[in-house]
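Data block below; observations after.
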Amino acid sequence: MAKQSAIRTPIVCVMGHVDHGKTSLLDRIRGSSVVSTEEGAITQHIGATLVPIDAITRMGGALSQVSVNIPGLLFIDTPGHHAFTTLRARGGALADMAIVVVDINEGFRPQTIEALQILRNYKTPFVIAANKVDRIHGWRVQEGQPFKKTFAQQNERVQGMLETKVYELVGKLSDLGFSSERFDRVSDFARNICIVPTSAITGEGISDILMVLIGLAQRYMTENLKVSADGPGAGTVLEVKEERGLGMTLDVILYDGILKVGDEIVVAGNDQIIEAKVRSLLKPRPMSEILIEERFERVKSITAAAGIKVAAPKLDGVIAGSPLRVVRGGNRDEMIERVRHEVQDIQVNLSDIGVIIRADTIGALEALSKELESHQIQVMRATVGPVTRHDVIEAGTIKDPLYSAIIAFNTPVLPDAVDTLADTSMSHVSIFEGGVIYQLLDDYVEWREEKKQ
Ligand code: GTP
Ligand code: MG
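Residues in the sequence shown are numbered from 1 upward in steps of one, following the UniProt record's numbering.
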């Protein structure tokens, strides 16, 4: 037991293109375990689902033969497609691992590719869920069965079709520089990405994907997952939300240590560090409860890894993606410094001449700047928030016209910025807006090429 408590629950991010089945996959994982003991119960957290190892082993399959020393898995569903980028910690990605969900019938789509690029930049291990296999024409559903069993029940044509589709994915992954294989043919998890055919609707392949995740965690991450279970809490702010009756709240993923009511916390605002005292910690109640006051259950403390809502005074201006640190035993200055440092980290690679970039969160900004960096595109300024008039004016004065551009990822352009852009003196400035990093990049590069001519 002592050994277990020293290893925290790995955090798994579920990513992928819109409608490919991320939420359904998590729903299925939640629904398919037989919950018999309180200890083994799957619990809903703020922004996350905690699946204890008991619940996973109960799903059976090949998993029951694996010896496991992690406490479970904390799954984070990324709504839409880009939220993964808000999840950062220790100057890197918050997630220890990821599931990239791909509709096997549709193959890779823009956000699939974006997810893979982000995972590559952060070197996050991941598994591919080749989802919606039940939609393959002629598929015979074997409810809840592991892949091997269900595959054996399919006729040759269907088997061939599945193979072809899996190889299409292998080819696409290879184009992106990843070597991959159907999971049951992979022997070296470090070299090959596993592709697991799944159906979130019928539960086929679900136990396999959990097994692969546990394998990844066991083999490659147990060192990183060691924590002091009662150390001061460290987390990442997922969202900043006003809640009726609670005021401003932070939805936080706690990845290390413990967070208690009454703790002093340090978080980042747009241009200052914010200190606050935790007034309440709130866990979501089961869906059935409707009254606002009853949506949350108050708890006194919470231990990593977990998702929790934090209510405290003075939270106005906290930015999504901010680190959160608990002050304890005279470490206040150190914590303030740490938060400051983590927020500023991403501004390290700024140049005197370069594009201006904007994004909705710190993580998104970092993901964008990393991608630009890998294409040798310089960045002059990187800030969270909407595009302002000031940004346009600044872009207008950049010496190199090829850098007179603003790239806005997931963030709006303010009306007075639009007005300023319409000014004839700003005709050489362009704003690129959108929700997919590499499309923004393509658009910018294309504009640049045209300008060069
Ligand atoms: P966003 O959160 O909007 O990005 O979508 P998502 O990836 O969470 O997809 P979601 O789970 O909402 O699923 C989208 C649609 O696909 C829903 O209608 C699901 O019922 C359906 N779906 C998801 N997985 C499967 C599957 O394995 N088989 C079938 N037949 N349908 C599926
Ligand atoms: Mg979803």
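Glycine is no exception: its CB is placed at the ideal position from the N, C-alpha and C atoms.
Just so we're clear, the structure is a prediction, and the values are computed from it rather than from any experiment.
ask   = Among residues of its own chain, excluding the 5 on either side of residue 289, which ones have a beta-carbon nearer than 7 Å to its beta-carbon?
value = Below a pLDDT of 50, predicted positions are generally treated as unreliable, and residue 289, at 46, falls in that range; no measurement from the model is reported.
ask   = Buried or exposed: residue 131, going by 16 or more other Cβ atoms within 10 Å of its Cβ?
value = buried
message = Less than 7 Å between the C-beta atoms of residue 395 and residue 406, yes or no?
response = yes
request  = Give the C-beta separation of residue 195 and residue 162 to the nearest angstrom, bearing in mind that I take them to be a contact with Cβ-Cβ under 8 Å.
outcome  = About 11 Å separates the two Cβ atoms, so there is no contact after all.
inquiry  = Excluding the 5 residues flanking residue 7 on each side, which residues of the same chain have their C-beta closer than 8 Å to its C-beta?
reply    = 69, 70, 71, 222, 225, 226, 227
Check: residue 112 C-beta below 6 Å from any heavy atom of the ligand MG = no
query = Who sits around the ligand MG, taking every residue whose Cβ is closer than 5 Å to one of its heavy atoms?
reply = 22, 23
task = Could you tell me how far apart the beta carbons of residue 126 and residue 56 are, in whole angstroms, since I believe they sit closer than 8 Å?
result = Not confirmed; about 18 Å, so no contact.
Neighbour-count burial assignment, residue 313, 16 or more Cβ in a 10 Å radius = exposed
query = In chain order, what residues of the same chain lie with their CB nearer than 7 Å to the CB of residue 48, ignoring the 5 residues before and after it?
reply = 74, 75, 76, 253, 307
query = For the 8 Å Cβ check, are there 3 or more pairs between the stretch 204 to 223 and the stretch 152 to 168?
reply = no
task = Please confirm if residue 68 has its CB atom under 7 Å from at least one CB of chain B.
result = Considering every chain present, this structure includes no chain B. It has just one protein chain.
query = Just the Cα atoms here: how many angstroms apart are residue 249 and residue 442?
reply = 37 Å
task = For the beta strand (DSSP E) holding residue 189, just list the boundary residues, first then last.
result = Counting along the chain, residue 189 falls outside any beta strand (DSSP E), and DSSP gives it neither H nor E.
ask   = At what residues does the beta strand (DSSP E) containing residue 324 begin and finish?
value = 323 to 327
request  = Specify, as a first and last residue, the run of the alpha helix (DSSP H) that residue 284 falls within.
outcome  = From DSSP, residue 284 is part of no alpha helix (DSSP H) but of the beta strand (DSSP E) over 280 to 284.
ask   = By Cβ distance, which residues of its chain are closer than 6 Å to residue 368, with the 5 residues on each side in sequence left out?
value = 357, 359, 409, 437
message = At a cut-off of 6 Å, would you count residue 131 as near the ligand GTP, judging by its Cβ distance to the nearest heavy atom?
response = yes
Residues that residue 303 bridges to, as DSSP identifies them = 258
inquiry  = Please report the distance separating the alpha-carbon of residue 51 from that of residue 208.
reply    = 15 Å
ask   = Secondary structure at residue 227, three-state DSSP: helix, strand or coil?
value = coil
ask   = For residue 232, which residues of its own chain have a beta-carbon under 6 Å away from its beta-carbon, when the five flanking residues on both sides are left out?
value = 257, 326, 328
inquiry  = I need the straight-line Cα distance from residue 449 to residue 379, nearest angstrom please.
reply    = 18 Å
Distance between beta carbons of residue 97 and residue 186, contact taken as under 8 Å = Actually they do not touch by this definition, with Cβ atoms about 15 Å apart.
key: Buried or exposed (CB count within 10 angstroms, at least 16 for buried), residue 9   = buried
query = Mind checking whether residue 166 and residue 191 have CB atoms under 7 Å apart?
reply = no
request  = State the DSSP-derived secondary structure class of residue 218, mapped to helix, strand or coil.
outcome  = helix
key: residue 278 vs residue 310 beta-carbon contact at 7 Å   = yes
task = Would you check whether the ligand GTP has a heavy atom nearer than 6 Å to the C-beta of residue 199?
result = yes
request  = Measure the C-alpha to C-alpha separation of residue 53 and residue 239 and round it to an integer number of angstroms.
outcome  = 28 Å
request  = Would you mind working out which of 445, 447, 434 sits nearest residue 114, comparing C-alpha positions?
outcome  = 434
Residue 18, buried or exposed, once every other Cβ within 10 Å from all chains shown has been counted against 16 = exposed
task = Please find out if some non-hydrogen atom of the ligand GTP comes closer than 6 Å to the beta-carbon of residue 18.
result = yes
task = Starting from residue 363, trace the beta strand (DSSP E) both ways and give me its first and last residue.
result = Taken as a continuous stretch (DSSP letters only), residue 363 belongs to no beta strand (DSSP E), being part of the alpha helix (DSSP H) at 362 to 374.
request  = Taking the CB atoms as reference points, tell me whether residue 324 and residue 384 lie closer together than 7 Å.
outcome  = no
query = Got a sec? Which residues, its chain only, sit under 8 Å from residue 172 by beta carbon, not counting five neighbours each side?
reply = 107, 108
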